[in-house]
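> Residue numbers (this note's numbering): 3 to 199.
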Amino acid sequence: HYGTRSGLSGHFRAFGSIGGGSAGNEGSIGGAIDFGYRHAVTDVSGPFARVGANAMLIGNSRLFLSMFEPLQARVGYQFLDGDTLIEAGLTGGVVAVGSYRAGDEGGRALGQSAELGAYAALHLRAYRFDAGVSQLLEATSGPSTPLDLVHLNLCGYLRPAALCGKLLLARGDVDIGQRVYRRLSSLYLGLTVGLTP
């Protein structure tokens, strides 16, 4: 949900799922909340700056990704008119705790790594599209190379049904033991069916 009134701009996101697929049982949970100020260029648009928190956890027997940013900043430009939202911006923050693991190949800790990213959102009454890229820079332990993340979400609301597709791509070096690193890429595709008011 995105909202702006009298210059106060806010954003709230929450998600959760449980299900199964080619890697057995799986689940996800996460969300974000941030508040700030939008300068009015027009009555429905302008540049903004917001600060808040961001977290996610997704996993199954072959893939696990978690991260918690207690402080994340967002700057960008927003057009918001009723049910129509167009927003694009940059993000930056510090991951307090997190980890990435892919199958039996190895993993890496993500705690105390800096996060830099960019995102775009297009929301209409019946459809929502969200995309983003981010890079988790060197942590205090583990590989010195960044972990790259790409996510795409597309939802259609044919009330009372909701159908959403998700793509998550993670690529980076993991520790396969004795401080030996190997470059891995993980692709997660998901389909969620639910109800909407």
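Every residue, glycine too, gets a C-beta built ideally from N, C-alpha and C.
Figure out for me which residue from GLU71, ARG64 and ARG185 has the closest Cα to the Cα of MET58.
The candidate whose alpha carbon is nearest that of MET58 is GLU71.
> Can you tell me whether DSSP reads GLN114 as helix, strand or coil?
In this structure, GLN114 counts as coil in the three-state DSSP scheme.
> If I'm right that LEU73 touches ALA55 with Cβ under 8 angstroms, what's the distance once you round it to whole angstroms?
That pair is a contact at about 7 angstroms.
> Specify whether the segment 74 to 87 and the segment 154 to 163 touch according to this definition: at least 3 beta carbon pairs, one from each stretch, less than 8 angstroms apart.
No: the two stretches stay apart, fewer than three of their Cβ pairs being nearer than 8 angstroms.
> Would you mind giving the Cβ-Cβ distance between LEU10 and PHE37, rounded to the nearest angstrom? I have them listed as a contact below 8 angstroms.
Going by Cβ atoms, the distance from LEU10 to PHE37 rounds to 7 angstroms, so yes, they are a contact pair.
> Let me know the alpha helix (DSSP H) ranges lying completely inside the segment 63 to 116, each 4 residues or longer, listed in chain order.
The qualifying runs do not exist here; there are none.
> Starting from HIS153, trace the beta strand (DSSP E) in both directions and tell me its first and last residue.
Here the beta strand (DSSP E) through HIS153 covers 149 to 160.
> Given a threshold of 16 other Cβ atoms within 10 Å of its Cβ, counted over all protein chains shown, does ALA42 qualify as buried or as exposed?
ALA42 comes out exposed.
> Quick check on this structure: which residue in SER146, THR147, GLY179 and LEU193 has the alpha carbon closest to the alpha carbon of LEU169?
Nearest of SER146, THR147, GLY179 and LEU193 to LEU169, Cα basis: LEU193.
> Can VAL135 and GLU117 be called in contact, C-beta distance under 7 angstroms?
Not a contact, by the Cβ cut-off of 7 angstroms.
> Counting along the chain, where does the beta strand (DSSP E) carrying HIS13 start and finish?
Residues 10 to 23.
> If you follow the beta strand (DSSP E) that GLU28 is in, where does it begin and where does it stop?
Here the beta strand (DSSP E) through GLU28 covers 26 to 40.
> Would you please state the rounded distance, in angstroms, between the beta carbons of ALA172 and LEU139? I believe it to be under 8 angstroms.
That pair is no contact at about 15 angstroms.
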